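For the sequence shown, full-length UniProt numbering gives the first residue as 1, with consecutive numbering after it.
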Amino acid sequence: MTTDRLLEFDDVVARYEPVFGLETHVELGTASKMFCGCATTFGAEPNTQTCPVCLALPGALPVANAAAIEATIRIGLALGCRIASWSRFARKNYFYPDIPKGFQTSQYDEPLCTAGHLDVEVDGETYRVEIERVHLEEDTGKNLHVGGATGRIHGADHSLVDFNRAGIPLVEIVTRPVPGVGAKAPEVARAYVAELREILLALGVSEVRMEQGNLRCDVNTSMAPVGSLEWGTRTETKNVNSLRSVERSVRYEMRRQAALLDDGERILQETRHFHEDTGSTSAGRSKEEATDYRYFPEPDLVPVAPDAAWVEQLAADLAELPAARRARLREEWGLSDTEMAWLVNAGALGLVTDTVAAGADPADARKWWLGELSRRAKDAGVELADLAITPAQVAELCGLVAAGTVNDQLARQVLDGVLAGEGSPAQVVQSRGLAVMGESDELGAAVDAAIAGAPDVVEKVRGGKVAALGALVGAVMKETRGKADAATVRRMLEERVLR
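So, in structure tokens, the structure goes:
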């Protein structure tokens, strides 16, 4: 793969204006496929979730999935779209080995949802991303290229096709071009996908696990000189499957295209592949000539005409959307905008909310998820939500700390046990003997030993340097391996040293 010349980002935004747009594909979490009754379970053995309809055998006729249509309308409503009173499916004709029919059943000029928007916030500033359309289609199968070093067809010995995914309901959410964001383009693109993902989760229409392909983005990027009345030629980076990669792909294309324009070269209209390891893109296929998909109405499916009263009821029953939820929680928990942004950026808002719902104080829940647990997730290289601990267990831990059963130091050891699968926090406290040591003969002996072992510190304290008492407290805590209650230790020391 050739190495592209890249312009420094500051030079890019000083001389060129980026425009980006996103086509986001969302696999819906329906129990069955879009036009047949086959299961949609992720990870099943290849080609075990197929039937004559999704394999396009002669004589097999499709029936539209009502749950998928409803989910698409709900997505459109959440994005402020107009819901069509009459819509229909069309055949999009192209020939790929993972499309058994030789065409994809999609929507063309009559989608279910149009003209919406999504507001996103980056560094305290709000940006509006206009939504052009939300339409419903079916997913393709999956090609597996065997024998090559990259997993792509180039260099592979042979290819296999798994049709389990073929026919799964797929919603495509297409933005209008987004100009005028300048240097913030990569971050706004990422924020848009992140907010869209939160909306889809709130609606319960998809698991949106990007690593499983539930949500994939095609990222369009173009550059033009600052002040130009025309936008530049766009490239389309295909199947970008993480939030970080969306941001990196926009940033890379901005730098690559700006360098080409600086050299007097033209941008080719083409698809690009994104490389996770390097954060770079490479050329795919040319799109200099428009592809003729020969759309025509699907003759085997009746039009979709959502009843207006039904659509109104769906709108009334929508779940609380993420922006409204954040505003409510910010007010209830007394957070600043910055503190709420920390929660959102860490992927901890839902976890903290569930922890509070399980009985924890909001401040305590935030402390553990944003502090110790975030550190452990980072060390383990996993998402915060993938740690082997539940919000209910974190709430239980907060309760043990609040009750004085354990202190913060011991609570970290309790976390060790919970994450290791040793049981609930209370069970770990009992099995590991981690309860705080209250006033007792054992603690009294440790206090006396600390006093006897540091006569010079005792003299300083008695001479008026009360702050030196901290050294004795530390000695007792070390002797008790952190199990003693520090306040109790300090009181017992004061009684013995200052009497």
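Note that beta-carbon positions come from the ideal geometry of N, C-alpha and C, so glycine has one too. Computed from a predicted model, the values in this text were never measured in an experiment.
According to the neighbour-count rule (16 or more other Cβ atoms, all chains shown, within 10 Å of its Cβ), is residue i buried or exposed?
i	result
aspartate 139	buried
glycine 334	exposed
arginine 74	buried
asparagine 214	buried
proline 425	buried
glutamate 253	buried
leucine 118	buried
glycine 167	buried
phenylalanine 20	buried
serine 228	exposed
glutamine 430	exposed
arginine 272	buried
arginine 251	buried
glutamate 130	exposed
glutamate 27	buried
phenylalanine 103	buried
arginine 285	exposed
proline 100	buried
From the DSSP output, read off the bridge partner residues of residue i.
i	result
leucine 144	Leu160
glycine 116	Ile131
valine 122	Glu125
proline 100	Answer is none; proline 100 lacks a bridge partner.
aspartate 218	Glu23
alanine 39	Ser32
proline 18	Met223
glutamate 195	DSSP lists no partner for glutamate 195.
serine 280	His275
isoleucine 83	Cys113
glutamate 137	Leu170
serine 106	Ala90
From residue i to residue j, what distance separates their C-alpha atoms?
i	j	result
glutamine 107	leucine 136	6 Å
valine 205	arginine 91	25 Å
alanine 377	arginine 197	21 Å
aspartate 11	leucine 260	13 Å
glutamate 17	leucine 6	16 Å
alanine 363	alanine 454	38 Å
valine 406	alanine 194	37 Å
alanine 316	threonine 30	22 Å
threonine 390	glycine 359	13 Å
glutamine 413	arginine 496	31 Å
valine 461	glycine 404	28 Å
alanine 323	alanine 67	25 Å
arginine 128	lysine 287	28 Å
serine 374	arginine 432	24 Å
proline 177	proline 186	14 Å
methionine 340	valine 122	13 Å
tyrosine 295	glutamate 45	33 Å
leucine 55	valine 302	21 Å
alanine 309	threonine 72	16 Å
glutamate 298	asparagine 93	11 Å
cysteine 36	arginine 82	28 Å
methionine 492	alanine 467	15 Å
glycine 76	valine 63	22 Å
For residue i, which residues of its own chain have a beta-carbon under 7 Å away from its beta-carbon, when the five flanking residues on both sides are left out?
i	result
leucine 329	Thr353
glutamine 212	Phe42
arginine 490	Leu469, Val473
leucine 201	Val208
glutamate 312	none
asparagine 47	Asp162, Phe163, Asn164
alanine 78	Ile199, Leu203, Leu318, Leu321
leucine 387	Leu373, Arg376, Ala377, Leu419
residue 500	Because the chain here runs from 1 to 499, residue 500 falls outside it and cannot be looked at.
In its own chain, which residues sit with a C-beta less than 8 Å from the C-beta of residue i, not counting the 5 before and 5 after it?
i	result
glutamate 383	Gly347, Ala377
arginine 15	Pro225, Val226, Ala258, Asp262
alanine 305	Ser85, Trp86, Ser87
threonine 105	Met34, Phe35, Pro62, Phe89, Ala90, Arg91, Lys92, Glu137, Glu138, Glu298, Leu301
glycine 116	Gly76, Leu79, Gly80, Cys81, Arg82, Glu130, Ile131, Val134
glycine 182	Val13, Glu17, Pro18
Could you pull out every residue in the same chain whose Cβ sits closer than 6 Å to the Cβ of residue i, ignoring the five residues on either side in sequence?
i	result
valine 240	Cys217, Val219, Val246, Ser249, Phe274
leucine 61	Asp300
threonine 355	Ala365, Pro391, Val394, Ala395
serine 242	Met210
leucine 160	Leu144
tryptophan 369	Ala348, Leu351, Val352
proline 111	Arg133, His135
cysteine 398	Ala360, Asp364
Along the chain, which unbroken stretches of the alpha helix (DSSP H) at least 4 residues long are found entirely within the stretch 282-338?
308-316, 322-333
Every unbroken beta strand (DSSP E) inside the stretch 166-191 [3 residues or more]
169-175
Quick one: complete beta strand (DSSP E) runs, 3+ long, within the stretch 227-277?
235-240, 270-275
Please give me, in chain order, every unbroken run of the alpha helix (DSSP H) with length at least 4 that falls completely inside the UniProt domain "Asn/Gln amidotransferase" (350-497).
362-370, 372-380, 391-402, 408-419, 425-432, 441-452, 455-462, 469-479, 486-497
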